[in-house]
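Chemist: So the sequence shown is numbered by this note's numbering: it starts at 5 and just counts up by one.
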Amino acid sequence: MVVLREVPCPKAVDANICLRVKVSNFGNESGPGACHLRTTSDAGEEMDIPSGELPIAGLAPGSDLVAILGWTRPVPDAADFVGFCEPSLRS
Numbered sequence: 005m006v007v008l009r010e011v012p013c014p015k016a017v018d019a020n021i022c023l024r025v026k027v028s029n030f031g032n033e034s035g036p037g038a039c040h041l042r043t044t045s046d047a048g049e050e051m052d053i054p055s056g057e058l059p060i061a062g063l064a065p066g067s068d069l070v071a072i073l074g075w076t077r078p079v080p081d082a083a084d085f086v087g088f089c090e091p092s093l094r095s
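Written out as structure tokens, the structure reads:
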């Protein structure tokens, strides 16, 4: 999952910041899984929002999914958001 850019939050989303993300299935089959946002706090610790999961079950091989995810925790200064998916890339 890659974070494309910050976007206005939809009215139904209660979040401090919203981000447009793109998930791509580079594998050869679809399967269960979920992605969420992650960043590093001002103190250097990794923070994520598991409650803001984007389910990716059934994403066909070679397909992409674009969605908006909300970050509900306080936003650290100069936040650099990344996407984290489980299961991640497998060999």
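Even for Gly, the Cβ is constructed at its ideal location relative to N, Cα and C. In this text, all values refer to a predicted model and were calculated from it rather than measured experimentally.
Straight-line CA distance for C22 to P65?
Modeler: 27 Å
Chemist: Thinking just about the alpha-carbon of each residue, which of P12, L69 and E49 is nearest to the one in A38?
Modeler: Closest by alpha carbon: L69.
Chemist: With burial defined as no fewer than 16 other Cβ atoms inside 10 Å of the residue's Cβ, what is the status of P14: buried or exposed?
Modeler: exposed
Chemist: Answer yes or no: the CB of V7 versus the heavy atoms of the ligand NAP, is any distance below 8 Å?
Modeler: The ligand NAP is absent from the structure shown, which contains no ligand whatsoever.
Chemist: Among L58, T76, A71 and G87, which one has its Cα closest to the Cα of N20?
Modeler: Put simply, of L58, T76, A71 and G87 the residue whose alpha carbon is nearest the alpha carbon of N20 is T76.
Chemist: Can M5 and G87 be called in contact, C-beta distance under 9 Å?
Modeler: Cβ atoms of M5 and G87: closer than 9 Å.
Chemist: Is the separation between the beta-carbon of V25 and that of L58 shorter than 9 Å?
Modeler: yes
Chemist: Which class does T43 belong to by DSSP, given the choice of helix, strand or coil?
Modeler: T43: strand per DSSP, three-state reduction.
Chemist: Restricting to Cα atoms, I'd like to know which of E90, P91 and P78 is closest to T43.
Modeler: For the residues E90, P91 and P78, the minimum Cα distance to T43 belongs to P78.
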